Amino acid sequence: MPKRKHLLFACLILSVVCSACEQAYTPKPRGYFQINFPERKYKTFDAPGYPYTFEYPEYAQIIKDTSFFGDKPENPYWINIDFPSLNGKIYLSYKIIGQGQNNLRKLIDDAFKMTYKHTYKADYIDENAIATPNNVYGTFYAVGGNAASARQFFVTDSSSHFLRGALYFDATPNADSLAPVNKFLEQDMRKLVESLHWR
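Residues in the sequence shown are numbered from 518 upward in steps of one, following the numbering used here.
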């Protein structure tokens, strides 16, 4: 019997000692990599023959868009502004008002529909009117949540030119991790619109 008491006492002491060694688990908050943004400096896109000019960042590259969902773009003025260090692109599609089925009302409706396709993933969509002294009018969209494109716009002179822009990243949409980059590039998109001139 005393042996049994000693064994029971030893087990009790061992369990107390073992439980004292365990550390309480505290979950750590999710973290994201720090992003070092480049210094803002702009240059002018003024390629011969293009019906528009604008300013864009020196840390971006202009790439001619040669494919629209496997088809050829409807005119040669579609370009992408590539941000290799930020893994993002602004896709710019240009349309001539009145050419084919491109009446102004339809182009605006199409731009609206393309933005609002993101509503199933969006927390909100803010619309801001655009009007510059350069005869540039339109709407800038900020799409909240895990939408594929969080910043978009369309602009026009209401008679000849229509330009739509959408920012996409080569990454799975995540509003939290992409928020600083979206905010940073939104300023560049607004600079593009403010400096836009039709030709």
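Every residue gets a Cβ at the ideal spot worked out from N, C-alpha and C, and that includes glycine. No experiment lies behind these values; they were computed from the predicted model shown.
| Asked | Found |
| --- | --- |
| Should I596 and I579 be called a contact, given that it needs their Cβ atoms to be closer than 7 Å? | yes |
| At what residue ranges does the region 628-716 contain a whole run of the alpha helix (DSSP H), taking only runs of 4 or more? | 692-712 |
| Less than 7 Å between the beta carbons of H635 and V660, yes or no? | yes |
| Does the separation of the CB atoms of Y569 and W715 fall below 7 Å? | yes |
| Does the structure place the region 629-646 close enough to the region 661-681 that three or more beta carbon pairs sit under 8 Å? | yes |
| Are there three or more Cβ pairs, one per stretch, closer than 8 Å when the region 602-621 is compared with the region 650-657? | no |
| Assuming the contact rule is C-beta atoms closer than 8 Å, K560 and Y576 should be a hit. Round their C-beta distance to whole Å, please. | The pair is not a contact, with the Cβ atoms about 10 Å apart (cut-off 8 Å). |
| Can you list, in chain order, the residues of its chain with a C-beta nearer than 7 Å to that of S712? Leave out the 5 residues immediately preceding and following it. | F571 and E572 |
| Tell me which residues share the same chain as L562 and place their Cβ nearer than 7 Å to its Cβ, disregarding the 5 neighbours each side in the sequence. | Just to set this straight, residue 562 is Phe in the shown sequence, not Leu. T570, F571, Y573 and I579. |
| Any idea if D705 is buried or exposed, counting beta-carbon neighbours within 10 angstroms, 16 or more meaning buried? | buried |
| So what does DSSP say about I614, is it helix, strand or coil? | coil |
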